[in-house]
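Structure, as structure tokens:
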Amino acid sequence: MSDVRREITIAWAIARKDLLAELRGRHTAVSTLTFAALVLLLFGFALGPDAHRLADAAPGLLWLALVFAGLLAVARFHQIETEDGALEQLALYPVDRRAIYAGKALVGAIAMVILGILVIPAVALMYAVNIGPAWAVLVLTVVLGAIGFAAAGTFYAGVTVRMRAREVMLPLLVLPIIAPLLLAAVKATTAALTGDPFGELPAWLQLLAAFDVVMVIAGAGTYGYLLEDG
Amino acid sequence: MKTRILGFVALAAVLAAAGFGLFVVPADLNQGDAQRIMYPHVASAWLAYLSFGVTALAGIGWLWRRDLRFDAVAVSSAEIGVMFTAFAIWGGMMWARPVWGTFWQWEDPRLTTTALLLALYVGYLLLRRLSDDPARRATRAAIVGLVAAVDIPIVHFSVIWWRGLHQGPTFLDPNKILHPAAPLPFVLALVGMVLAFTLTWSWLMIRRYQLARLQAGHEEAARYGRVVRARAKARGHETTMTSPIDSGDATEAAR
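Below you can see the structure in the form of structure tokens.
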């Protein structure tokens with residue numbers, strides 16, 4: 001039991017380090033948020049000016065904006081480790097690799113949740129979507145989606161961080177993998193916004209949770225190999 | 231020599247299965263001649279899944295034993311799998327146009343899953359291309375192939391849900407021709423084609439594996455040659471030796 005507690009402490013220490021660096025520099029937050037807002041604006045140009053069409057497509061557009069911006073965030077949180085050989089230092093620490101992965105995924109998930117909480121009101125304003133009583137379910141969907149995305153994104157950021165052309169490779173690898181997450185998150189968001197007339201919301205949230213569990217296990221189980229010689 | 235015999239047997243089997251499927255088996259009552267596409271289509275889809283399963287297993291083999299021969303199996307299988315996946319999608323679209331009236335049917339979970347499968351493994355091959363160090367490339371590829379294989383069932387499951395949670399299969403199920411009630415010629419044509427394609431797959435795998443081993447040897451020799459030249463330069467000599475790649479025994483020396 002104390003082993004698990006120790007690993008949680010390590011994971012939190014790594015996440016806290018990244019969050020502190022982010023609080024002091026705010027490089028990731030500014031670029032990611034601006035990018036998400038820009039994507040939403042361009043979706044408006046691509047599908048507007050018909051307000052109904054935008055409102056109908058809002059759940060899908062929201063999640064695409066989150067996914068695109070989230071890619072920037074997870075890539076950034078790994079890139080800061082490549083400076084001054086920090087990644088090699090991290091690999092030398094006598095701690096469980098799963099804890100390192102958990103810490104990196106945690107900071108990614110926190111960033112995604114904050115991003116989601118800021119972007120949802122923006123979608124509601126720009127695409128004239130009435131959120132009303134759905135906000136609690138929306139936040140739950142964002143949290144579940146953020147965990148799954150950060151779990152997969154952190155894993156692939158670890159794969160590509162030392163590669164040539166990593167900017168291209170990361171989206172190419174992450175986007176097909178998270179297709180089930182995108183699908184479930186969009187369906188859950190649609191169900192939440194329309195009052196869930198078919199009672200399918202729990203099923204989509206379960207699918208999201210299942211994706212989260214599988215990706216966290218897969219990422220934690222293989223991240224050690226990446227630190228060793230990836 | 232044995233591989234060449236296997237190649238000719240596979241070629242003969244594919245020709246025989248194609249002839250049987252095209253001329254001996256009657257056309258389907260509902261779908262007409264379009265149904266004949268199903269024989270190579272189902273065979274390709276089966277080999278696509280087999281290939282990616284082999285890639286994942288070979289990846290585990292590399293992580294476990296650290297033997298680059300496992301990596302050679304993984305890359306061979308992934309490349310051949312991408313080819314069969316593309317062929318399966320193409321065949322499916324050719325079949326869907328006359329039968330469903332459209333090339334692409336978003337509600338068909340198999341089609342959408344297979345499209346994502348193609349994207350996943352094209353990414354896998356690109357990842358290999360952009361990695362130089364053999365061990366690093368093998369490790370990256372092994373875990374990416376493994377996670378992709380884990381993701382595929384979730385993708386399939388989610389797409390089935392996506393087209394309607396409370397709706398049973400509404401389209402003609404190509405697997406229904408394997409139903410016990412299906413007429414014998416149809417079953418024979420399908421099984422024959424699957425066997426012929428699997429033989430072809432085995433032949434391709436052997437040849438691609440041999441090529442991958444040769445490539446690895448070549449890479450190693452080139453690396454060794456650079457080391458030799460750098461050493462000679464450091465000693466102050468001008469390098470006049472022939473490239474060790476051509477000298478043949480350099481591959482052995484590098485090991």
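Chains as they are written, first to last, in our numbering: chain Z, 1 to 230; chain P, 231 to 485. All C-beta atoms in this analysis are idealised placements derived from N, C-alpha and C, irrespective of residue type, glycine included.
Residues of the same chain with a CB within less than 7 Å of the CB of A122 of chain Z, apart from the 5 flanking positions on each side, are A37, L40 in chain order. Interface flag for F149 of chain Z against chain P is unset, since no Cβ pair is found closer than 8 Å.
Under the Cβ criterion of 8 Å, A288 of chain P is not counted among the residues facing chain Z. At a cut-off of 8 Å between beta-carbon atoms, I177 of chain Z makes contact with chain P. If you keep only unbroken alpha helix (DSSP H) runs of at least 4 residues inside the region 156-209 of chain Z, you get 166-177, 179-193. A contact is defined here as three or more CB-CB pairs under 8 Å, and the region 346-356 of chain P meets this definition with respect to the region 297-315 of chain P.
For G103 of chain Z, the enclosing alpha helix (DSSP H) begins and ends at 97-126. In the three-state reduction of the DSSP assignment, D381 of chain P falls in the helix class, which pools H, G and I. By the CB criterion at 8 Å, R370 of chain P and V159 of chain Z fall inside the cutoff.
Put simply, the CB of S307 of chain P is far from chain Z, with every gap to its CB atoms at 8 Å or more. Here the region 153-167 of chain Z lies against the region 78-85 of chain Z, with 3 or more beta-carbon pairs under 8 Å apart. Counting only the Cα atoms, A146 of chain Z lies some 8 Å from I110 of chain Z. By the beta-carbon neighbour count (other beta carbons within 10 angstroms, threshold 16), F45 of chain Z is exposed.
For V305 of chain P, the enclosing alpha helix (DSSP H) covers residues 298-330. Rounded to the nearest angstrom, the gap between the Cα atoms of G466 of chain P and D363 of chain P is 28 Å. Straight through space, the alpha carbons of G375 of chain P and L360 of chain P are spaced by roughly 15 Å. G224 of chain Z and L293 of chain P have their C-alpha atoms roughly 11 Å apart. For P180 of chain Z, same chain residues with a beta-carbon under 6 Å away, outside a window of 5 residues either side, are F211 in chain order. For G219 of chain Z, the three-state secondary structure derived from DSSP is helix. Pairing V67 of chain Z with L208 of chain Z gives a Cβ-Cβ distance that is not under 8 Å. Here G466 of chain P carries a coil assignment [DSSP, helix/strand/coil]. Comparing C-alpha distances from V119 of chain Z to each of Z:R26, Z:L64, Z:G103 shows the shortest one belongs to Z:L64.
DSSP places G262 of chain P within a strand segment (E or B) once states are collapsed to three.
When secondary structure is reduced to three states using DSSP, V255 of chain P falls in the coil class, being assigned neither helix nor strand.
Between A55 of chain Z and G108 of chain Z, the C-beta gap is not smaller than 8 Å, which leaves the two residues out of contact.
Assignment of E88 of chain Z by DSSP, reduced to helix, strand and coil, places it in the helix class.
A direct Cα-Cα distance of roughly 22 Å separates L193 of chain Z from I178 of chain Z. Neighbours of A165 of chain Z across chain P, judged by C-beta separation under 7 Å: L360. If you compare the alpha carbons of P:D301, P:R367, P:P415, P:A378 with that of Q440 of chain P, the shortest gap goes to P:D301. If you draw a straight line from the Cα of L140 of chain Z to the Cα of A278 of chain P, it is about 37 Å long. In this structure K232 of chain P is exposed. Its beta-carbon is surrounded by fewer than 16 other beta-carbon atoms within 10 angstroms.
By the neighbour-count criterion, in which a residue is buried when 16 or more other Cβ atoms sit within 10 angstroms of its Cβ, G85 of chain Z is exposed. Going by C-alpha positions, T430 of chain P is about 18 Å away from L418 of chain P. Annotated as distal: H271 of chain P and A326 of chain P, with beta-carbon spacing of 8 Å or more. Spatial neighbours of A275 of chain P in its own chain (CB-CB distance under 6 Å, excluding positions within 5 residues in sequence) are listed in chain order as A318.
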